[in-house]
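Have a look at the structure below before the remarks.
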Amino acid sequence: MKKRFLTLLLLLSATQFAFSQTKSIKDLYWDYSQIRMEDTEKTQAINLAEALIKRSPELTKTQLGNVSYHLARLYEETDHPEKAIPYYEQAIKITPGYYVPYRALGFIFIKKANAIGSKMNEAAKAKDAKLSTELYEQYKVIALKALPNLEKSQACDPDEETKAIILNLYKSLKDNASILSLDERLKKKQADCISLLDDEY
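Take the sequence shown: its letter number 82 is residue 82 in the working numbering, and every next letter is one higher.
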C-alpha cells in the first residue's frame with residue numbers, strides 16, 4: 001500500500017513538473033500571480049514559483065524580481081528561512097529600492113544572531129573563554145549581515161523598534177563610530193525607496 005502511494009505521489013509530481021515545463025510562460029506566470037497571496041495555497045504557490053525560477057530566461061526582469069521576492073516570502077512563511085535568503089538577496093539585486101526584502105533578511109539574520117547570543121551567555125556562565133570567543137566571531141559575522149538590511153528598511157520605513165535593534169547591534173559590536181554616523185547613513189539611503197513591487201502580466 002505504501003509503495004503504491006509513493007508511486008502515485010511520484011507520478012503526480014512528475015506530471016506536474018512536465019506540465020509546468022510545457023505550459024506557456026505567460027499562463028504559468030498568470031497562475032502563480034493568482035495564488036501567491038493565498039494563505040491556503042502556499043504549497044502550490046511555491047511549486048509554481050519554483051517552476052518559474054527554472055524558466056527564468058523566459059521572464060522579464062520585473063517578473064523575475066517579483067517571483068524571487070514572493071518565493072522567498074513563501075519559504076519564510078512555511079518555516080524555511082535558509083531557503084528564503086538567496087531569493088530575498090536576488091530580489092534586492094533586481095529591485096534595490098524595494099525595502100521589504102531588506103527588512104525580512106535583516107530579521108532572519110537577527111534571529112540567527114540571537115540564537116548565537118544565547119549560546120554566548122551559556123558559555124560565559126560556564127566560564128568557557130575559548131567557546132565564548134568562537135561564538136562571538138560567529139555572532140559578529142551574522143550581525144554585520146543584518147545591519148545593512150535593517151538600515152535600508154529603517155531609512156525607507158522608519159520605526160523605533162528597528163532603530164533600537166540597529167543601535168543595540170552596534171553596541172554589542174562596540175562600534176560607536178557607526179552609531180554616531182547612523183543618521184547620516186539613513187538619510188542617504190532614503191534617496192532610493194520603493195514601497196510597491198512592480199509586476200508584469
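We put the beta carbon where it would ideally sit given N, CA and C, even for glycine.
With a cut-off of 8 Å on the beta carbons, I'd call GLN63 and TYR98 a contact; round off their distance for me. Locating residue 63 in the sequence shown gives position 63, counting from the first residue. Locating residue 98 in the sequence shown gives position 98, counting from the first residue. Taking 8 Å as the upper bound for CB-CB distance, GLN63 and TYR98 are not in contact here, some 14 Å apart.
**Report entry** Assumed close pair GLY65, THR95 - CB separation to whole angstroms, cut-off 8 Å
**Finding:** Indexing the sequence shown from 1 puts residue 65 at position 65. Indexing the sequence shown from 1 puts residue 95 at position 95. GLY65 to THR95, Cβ: 4 Å. Contact.
query: Between GLU38 and ALA126, what straight-line distance do the alpha-carbon atoms span, to the nearest angstrom?
result: Within the sequence shown, numbered from 1, the residue matching residue 38 stands at position 38. Within the sequence shown, numbered from 1, the residue matching residue 126 stands at position 126. Near 47 Å, if we compare the C-alpha coordinates of ALA126 and GLU38.
Going by DSSP, which residues form a beta bridge with TYR98?
Residue numbering aside, residue 98 sits at position 98 when the sequence shown is read from its first letter. ILE194, per the DSSP bridge assignment.
Can you give me the Cβ contacts of GLN138 inside the same chain, cut-off strictly under 8 Å, excluding the 5 residues immediately before and after it? For the purposes of this step, residue 138 is taken as residue 138 along the sequence shown, with counting starting at 1. Correct list, in chain order: ILE116.
- Item | Contact between the segment 67-85 and the segment 174-191 (3+ Cβ pairs under 8 Å) | Between the segment 67-85 and the segment 174-191, the count of C-beta pairs closer than 8 Å stays below three; the two stretches do not touch.
Same chain only: Cβ atoms within 7 Å of LEU135, ignoring 5 sequence neighbours per side = For the purposes of this step, residue 135 is identified with residue 135 of the sequence shown, where counting begins at 1. Here the set comprises ILE116, LYS119, MET120 and ALA123.
| message | Taking the alpha helix (DSSP H) that LYS127 belongs to, which residues open and close that run? | response | By one-based count along the sequence shown, residue 127 stands at place 127. Secondary structure note for LYS127: it is in no alpha helix (DSSP H), with a DSSP letter that is neither H nor E.
Cutoff 6 Å; reference ALA104; Cβ partners in own chain excluding five residues on either side
Counting from one through the sequence shown, the residue named residue 104 turns up at place 104. Contacts found: TYR88.
Find the nearest neighbour of PRO101 within the set LYS111, ILE110 and GLN90, judged by alpha-carbon distance. For the purposes of this step, residue 101 is identified with residue 101 of the sequence shown, where counting begins at 1. Among LYS111, ILE110 and GLN90, the Cα nearest to that of PRO101 belongs to GLN90.
Practice prompt. State the DSSP-derived secondary structure class of ARG73, mapped to helix, strand or coil.
Written response: As a first step, residue 73 must be located in the sequence shown, where it is residue number 73. Of the three classes helix, strand and coil, the one that applies to ARG73 here is helix, per DSSP.
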